[in-house]
Amino acid sequence: MRLHLRPAVLAIAVITLTGACSAAAQTQAGRSPASSPSPAPDPTPTVERTVAAPDVPVAAVQAHLTELGRIADANGGNRAHTQPGYLASLNYLRGKLDGAGFTTTLQQFDSGGTGYNLIADWPGGDTGDTMMFGGHADSVLAGPGINDNGSGSAALLEVALTVAKQKLKPAKHLRFAWWGAEEIGLVGSDHYVESLPENQRAAISGYLNFDMIASPNGGYFVYSSEGQPDGSPALEKTLTDHYAALGVPTESVDLGGRSDHAAFARAGIPTGGMFSGAEERKSPGQAKKWGGTANRAYDPCYHSACDTTDNIDATALDRNTDAIAAAVWTLTA
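Numbering (mature numbering (1 follows the signal peptide of the UniProt record, and there is no 0)), first residue to last: -23 to -1, 1 to 310.
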């Protein structure tokens, strides 16, 4: 979750380091990113969609967080933009996605050093009607960033792997994204949206963002659709309906330009998402509603060295991962 304004970014080429090239973000010399997609592999054999999304095991998400923590420990204690721990994190995510049958691409950009976005497309679905789900994969320099935003990164990964295990056959095209350089000003997501040709930008029917979803003293905040592009209220309702069915109260929150949904909203793409709180303090009313400690930060380790695997609320991680899965199953139908 970012606090400050974004710097200018110099766009350069998209490169594919390993695995197949994505129809979402590939480029060749002299062409703009995503303008020259390679043929996708034959779609993975599929079965008919189930009525509801399956339960995503939180233990699997926690295992990914453990690995991200190990990567940070082995690389100077962080996974920040331009640092070796960031690319190591993407390689871990990408290896899992490639093994599950996704078409993955690393999109390269420059902002005080080389950065990368990881894009993963699930074969099939109408590419003229694409739903995207994403969150940033980088941490601050001060710590490993396990809640911010290892939590969203790991949850998105395990939902994607669940899509593969279930052999989901969505009507819409399904794309996941892990953004780089969010913590220095939303650079990666800005680059992605700004570099898309107009026809591919118009093909994105919605984007949901998941940033900090397991704060240890957190709440359940759903991005407000007020003032957002047409179509955003339906995304907000998908999430609020899911939590309501669980008996979990939510609050609507206007994050403005604090996370990676902002670039999509500026482009007129419907946006939504959820998070569990950052440096702000929980009110007494929220503590009564959700539990936790009033007048204490939702995440006391926000942007700090103590944002480790000990800084995770497992219940919130479980519920919010299942909310991502519910949104994927519902919004790609």
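Idealized CB from N, CA, C, for every residue including glycine.
Every value quoted in this text rests on a predicted model; they were computed, and no experiment measured them.
Assigned secondary structure, residue i (DSSP; H/G/I helix, E/B strand, else coil)
| i | result |
| --- | --- |
| Ala40 | helix |
| Phe198 | strand |
| Asn272 | coil |
| Asp218 | helix |
| Ala154 | strand |
| Gly129 | helix |
| Arg56 | coil |
| Lys149 | strand |
| residue 320 | Outside the displayed span of the chain (-23 to 310) sits residue 320, for which this structure offers no information. |
| Thr285 | coil |
| Glu203 | coil |
| Thr248 | strand |
| Val33 | coil |
| Ala2 | The pLDDT assigned to Ala2 is 35, lower than 50, so where the model puts this residue is not dependable; a value taken from the coordinates is nonetheless given after this. The answer is coil: DSSP assigns Ala2 none of H, G, I, E or B. |
| Ser229 | strand |
| Ser209 | helix |
Identity of the residue in the options nearest residue i by Cα
| i | options | result |
| --- | --- | --- |
| Leu308 | Gly268, Met109, Trp156 | Met109 |
| Lys142 | Cys283, Gly76, Ala119 | Gly76 |
| Asp125 | Ala291, Thr248, Trp306, Thr285 | Thr285 |
| Phe252 | Arg273, Ala191, Leu133, Asp98 | Ala191 |
| Ala57 | Ser116, Pro31, Asn94 | Ser116 |
| Cys278 | Arg243, Tyr169, Arg258 | Arg258 |
| Leu95 | Phe86, Thr81, Thr104, Asp103 | Thr81 |
| residue 315 | Leu232, Asp207, Gln205, Ser201 | Missing from the structure shown is residue 315; the chain here goes from -23 to 310 and no further. |
| Val136 | His238, Pro193, Gly111 | Gly111 |
| Asp231 | Ala222, Ile246, Gln205 | Gln205 |
| Ala293 | Tyr169, Gln177, Ala36 | Ala36 |
| Ala148 | Pro121, Thr43, Asp103, Val140 | Asp103 |
Beta carbon of residue i nearer than 8 Å to that of residue j
| i | j | result |
| --- | --- | --- |
| Leu45 | Gly127 | yes |
| Gly92 | Gly157 | yes |
| Lys146 | Gly101 | yes |
| Leu118 | Asn55 | yes |
| Glu159 | Phe198 | no |
| Gly234 | Asp188 | no |
| Ser182 | Asp106 | yes |
| Gly196 | Gly249 | no |
| Ser172 | Ala114 | no |
| Asn288 | Pro193 | yes |
| Ala131 | Trp306 | no |
Span separating the alpha-carbon of residue i from that of residue j
| i | j | result |
| --- | --- | --- |
| Ala300 | Gln60 | 31 Å |
| Ala304 | Asp50 | 33 Å |
| Phe241 | Tyr220 | 24 Å |
| Pro34 | Glu175 | 38 Å |
| Leu133 | Thr298 | 7 Å |
| Trp267 | Leu83 | 39 Å |
| Ala40 | Leu138 | 13 Å |
| Arg47 | Arg273 | 28 Å |
| Arg178 | Lys265 | 43 Å |
| Phe153 | Asp98 | 6 Å |
| Glu256 | Tyr275 | 6 Å |
| Leu64 | His238 | 22 Å |
| Met(-23) | Gln85 | 21 Å |
Opening and closing residue of the alpha helix (DSSP H) in which residue i lies
| i | result |
| --- | --- |
| Ile123 | Element bounds for Ile123: n/a, residue is neither H nor E. |
| Ser166 | 164 to 172 |
| Thr298 | 291 to 308 |
N-terminal and C-terminal residue of the beta strand (DSSP E) that residue i is part of
| i | result |
| --- | --- |
| Gln85 | 80 to 87 |
| Ser182 | 181 to 187 |
| Ala97 | 91 to 99 |
| Gly111 | 103 to 113 |
| Ser66 | That residue, Ser66, is in no beta strand (DSSP E); its alpha helix (DSSP H) goes 61 to 77. |
Contact test: residue i Cβ vs the ligand ADP heavy atom, cutoff 7 Å
| i | result |
| --- | --- |
| Gly111 | With respect to the ligand ADP, the structure shown offers nothing to examine, as it has no ligands at all. |
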